[in-house]
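Structure first, commentary second.
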Amino acid sequence: MAATQQLSNVLPLGSSINDLGHLEIGGCDAVELAREFGTPAYFVAEDDIRTRARAFVEALRARHDDFDVLFASKAFPCTAVYRLLAEEGLVCDVASGGELHLALRGGFDASRIYLHGNAKSLAELEQAIDAGVGHVVLDSFMDIDRLERVAADRGVHQAVLIRVTPGVAGRTHAKISTGQADSKFGFGLDDARLAIERLRRSNSLNLVGLHMHIGSQLLSLEAYRPAVEALATLGDFPTYNFGGGLGVAYTAGQQPPAIEDYIDTKISALHEILGRDKRILIEPGRSLVANSTVTIYTVETIKRNVSTWVGVDGGMSDNLRPMLYGSVYEAFFADRAALAGTGERAHVAGKHCESGDVIVRDVPLHEPKAGDLLVTPATGAYGHAMANNYNGIPRPPVIFCKDGDARVVVRRETYDDLAARDV
């Protein structure tokens, strides 16, 4: 019987500590999950994703009539996640041919898919047109040239948006800031004007609106209004995609804006600057899925020198974010969850042959020992997406948890899988 105690806000909604003192995710005992499915593994509380998807939809519906919520699927490109969010009525954003393939396999109708990308290949554009993708977001003049040829060859009149870099950078890590003028993404304001004129003369491409995205993991909202003001200088369009970017809590000390405040900021800017008769699109990715998931590891070794090093059976092959951006996580033991945040300071080290393979630094851990099951929360965004085979490590499985039942939606790789592409 699960206790009513609510844990840190970084954990999936509804997480609790049961009578054994074990963490429960989606009604499933985390210790039993690790015993059944092995470690490392991603454990996803299915209802958490559904609840957040509904919260975005309801917050938008309360403020505006004509809208869509797009799943920015680069955050968690897993067929089962696509299927879940298609069931919730979301639209989909893909950034490659592979993500398009998964989105279609996961049940998204092609007409409800938006193709993004700053370096789309001719093959990807052909794949999108042949699949009947509803919209393509154009990122460069070469994008326009290629897509116009493909659409003309197939006799298609393709709906498009232009991605604009508004010259406004969100307050975030430099590697995930995208709205500044010097960016690999999109058209600057002057080039956007040229692209708009070019598209208005096209017989094959139908420009329906503008897109912007100013950065990811944004914990403040003040950058959105000046970005919308910049878009307004480019003319009047029926559709505006304001991107995503809403940050999430990776540690209890982080307090991201509420979904309702995030939506209110965007809709207020839309109504006051662009008008109430527009179609608005938003692209939550990370904020839909990050806190739905925990990764569970097994502790293999304890080493004490200047620091205490707790070595686990995963690392940068299943969570690359600490190495890419210095991302910070929490960690605690699954069988003594009530003691999270207590104990000696330690570094949680991965098993890979890199000194930088450290998942969490300076985290308090209660009496670590070999065999312990260590939990790192908030790994739903970009964990599975960036998983790799460094040091020949098979990628972890994805396990959905709901109402006390757990099921594999992506199996664990095997050693034979590592050689499956050999010829």
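Quick note: the sequence shown, position 242, residue 242 per full-length UniProt numbering, numbers continuous. Glycine included, C-beta positions come from ideal geometry on N, C-alpha and C. Please read all numbers here as calculations on a predicted model, not as lab measurements.
Residue i and residue j closer than 7 Å at C-beta
i	j	result
Thr301	Gly315	no
Val69	Val57	yes
Gly209	Leu147	no
Val294	Pro226	no
Gly285	Gly244	yes
Pro396	Ala62	no
Thr265	Tyr224	yes
Ile259	Ala55	yes
Leu365	Ala346	yes
Arg50	Glu24	no
Val10	Glu330	yes
Val94	Ser111	no
Ala378	Ala252	no
Gly26	Cys401	yes
Phe67	Ile280	yes
Arg83	Gly98	no
Gly404	Cys28	yes
Ser327	Asp48	no
Leu90	Phe71	yes
Asn206	Ala159	yes
Ala59	Ala381	no
Leu221	Pro256	no
Local conformation of residue i per DSSP, three classes
i	result
Phe141	helix
Thr79	helix
His211	strand
Glu58	helix
Gly179	Bear in mind that the predicted position of Gly179 carries a pLDDT of just 43, short of 50, making it too unreliable to give a figure here.
Asp191	helix
residue 453	Given that the chain is displayed from residue 1 to residue 423, the structure contains no residue 453 and the question cannot be resolved.
Asn305	coil
Asn203	coil
His419	According to the sequence provided, residue 419 is Ala. The question's His does not apply to it. Three-state result, Ala419: coil.
Leu270	helix
Val10	coil
Asp403	coil
Arg154	helix
Ala72	strand
Leu234	coil
Tyr325	helix
Buried/exposed call for residue i, threshold 16 Cβ in 10 Å
i	result
Met1	Confidence at Met1 is low in this model, with a pLDDT of 32, below 50, so the placement of that residue should be treated as unreliable; the coordinate-derived value is given next. When all chains shown are included, Met1 counts as exposed.
Thr165	buried
Leu122	exposed
Thr178	Note that Thr178 scores 47 on pLDDT, short of 50, meaning its location in the model is unreliable and no value can be drawn from it.
Thr342	exposed
Arg52	buried
Pro238	exposed
Arg163	buried
Val423	exposed
Tyr262	buried
Tyr415	exposed
Ser287	buried
His157	exposed
Ala340	buried
Distance, residue j Cα to residue i Cα
i	j	result
Val299	Lys351	10 Å
Arg336	His22	6 Å
Asp372	Tyr297	8 Å
Val306	Val358	15 Å
Leu102	Arg304	45 Å
Gly134	His116	12 Å
Lys278	Arg321	36 Å
Asn319	Glu126	33 Å
Leu33	Ser140	47 Å
Gly383	Asn203	42 Å
Asp236	Leu274	8 Å
Pro394	Ser317	8 Å
Ala80	Cys92	14 Å
Ser216	Leu418	32 Å
Arg201	Ile399	50 Å
Val375	Val348	11 Å
Asp143	Ala195	10 Å
Arg105	Val31	32 Å
Lys175	His213	At Lys175, the pLDDT of 43 sits below 50, so the modelled position is not reliable; the number obtained from the coordinates is stated separately. One C-alpha to the other measures close to 14 Å.
Ala232	Asp190	13 Å
Gly392	Glu124	30 Å
Arg154	Asp145	15 Å
Val409	Val360	27 Å
Ala338	Asp313	23 Å
Thr39	Arg412	10 Å
Test: residue i CB closer than 7 Å to a CB of chain D
i	result
Gly253	Among the protein chains of the structure shown there is no chain D, as only one such chain exists.
The ligand SAM heavy atom lying under 6 Å from the CB of residue i
i	result
Val136	This structure does not include the ligand SAM; it has no bound ligands of any sort.
key: Segments of 3+ residues assigned as beta strand (DSSP E) that fall wholly inside the segment 17 to 51   = Within the segment 17 to 51, the beta strand (DSSP E) runs of at least 3 residues that lie entirely inside it are, in chain order, 23 to 25 and 41 to 45.
ask   = Where in the segment 340 to 401 do unbroken runs of the alpha helix (DSSP H), each at least 4 residues long, occur, reported from the N-terminal end onward?
value = For the segment 340 to 401, whole alpha helix (DSSP H) runs of length 4 or above, ordered along the chain, are 383 to 386.
task = Run through the segment 88 to 140 for me and flag every whole alpha helix (DSSP H) of 4 or more residues, listed as ranges in chain order.
result = 97 to 105 and 122 to 131
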